[in-house]
Every structure is written in structure tokens, then in C-alpha cells.
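K.L.:
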Amino acid sequence: IGYAWVRELERAKTQHYHLVLILDGDKIQHPSKLIRRIKETWLDNGHMPVIKNPFYFIDKGNCKEERAKAIDRLSYLAKTRGKGYRDPQAKDYGSSRLNPK
Numbered sequence: 086i087g088y089a090w091v092r093e094l095e096r097a098k099t100q101h102y103h104l105v106l107i108l109d110g111d112k113i114q115h116p117s118k119l120i121r122r123i124k125e126t127w128l129d130n131g132h133m134p135v136i137k138n139p140f141y142f143i144d145k146g147n148c149k150e151e152r153a154k155a156i157d158r159l160s161y162l163a164k165t166r167g168k169g170y171r172d173p174q175a176k177d178y179g180s181s182r183l184n185p186k
């Protein structure tokens, strides 16, 4: 359904990216197969660590609690440290546009 990414450059002096995928829970209820396929593809060209507990399943029954956890995790992407060290034509972040239902 959507995505967001941020680019950072910190102590390691090499840029790295963080990626968020927003998926339809009616189609993917557990991301293990998707994570495996992404890792297989990405590892051919780079390095991809996967964070512990990398997904949040938000439905009507747990909406407030899980949404709060997801927003807290996503807030890490908004930190200013590591941003701004780029060529003028490069971007620090990007995202798709979600259409409200």
C-alpha cells in the first residue's frame, strides 16, 4: 500500500537507508516470507539487517495500542542526526502517497 525511506550518513561515513513498508494485512498477515525474499534480493547487492519485531499488525481491535507502538518505532526515522550530509541533488527521505479510504 505504501512505503517510506530515509537516508543517513553518520560516524561510519557511508550512507545507509531505513525502509518502511505499509502492507495490506488482509493479504500479508505475517511478513516472514516477504522478509526472506527481500533479504535474498538485497544480499546479492548489499547488506540488510532486520530489526527485532519488524512488523505491527494493526486492526480494529488493537488499533490505538499497535498504532502507538508503530508511530514510536517510526519516529526514529525523523531524527535529525545523520541527515543533511548529502549532495544538493540527493534526498534525505522519500515516500509514496497513501490514499485515505
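Just so you know, this note's numbering puts 99 at position 14 of the sequence shown, and the rest follows in order with no gaps.
Virtual Cβ for every residue (Gly too), placed ideally from N, Cα, C.
Under 9 Å between the Cβ atoms of Val105 and Leu159?
P.N.:
Residue 105 sits at position 20 when you count from the first residue of the sequence shown. Residue 159 sits at position 74 when you count from the first residue of the sequence shown. Yes.
K.L.:
Quick one: what's got a C-beta closer than 8 Å to Phe140's C-beta in the same chain, skipping five residues either side?
P.N.:
As a working note, residue 140 is residue 55 in the sequence shown. Closer than 8 Å at Cβ, skipping near neighbours: His115, Pro116.
K.L.:
Rounded to whole angstroms, how far is the Cβ of Tyr88 from the Cβ of Ile107, which I believe are closer than 8 Å?
P.N.:
In the sequence shown, counting from the first residue as 1, residue 88 sits at position 3. In the sequence shown, counting from the first residue as 1, residue 107 sits at position 22. 7 Å between Cβ atoms; contact.
K.L.:
Identify which residue in Trp90, Asn147, Ala163 has its Cα closest to the Cα of His103.
P.N.:
The residue labelled residue 103 in the question sits at position 18 within the sequence shown. It is Trp90.
K.L.:
Spatial neighbours of Arg152 within its chain, please: C-beta separation below 7 Å, excluding the five flanking residues on both sides.
P.N.:
Within the sequence shown, residue 152 is the residue found at index 67, counting from 1. The answer, listed in chain order, is Ile143.
K.L.:
Could you name the residues that DSSP lists as bridge partners for Val105?
P.N.:
Along the sequence shown, read from residue 1 onward, the residue named residue 105 stands at position 20. BP columns for Val105 point to Ala89.
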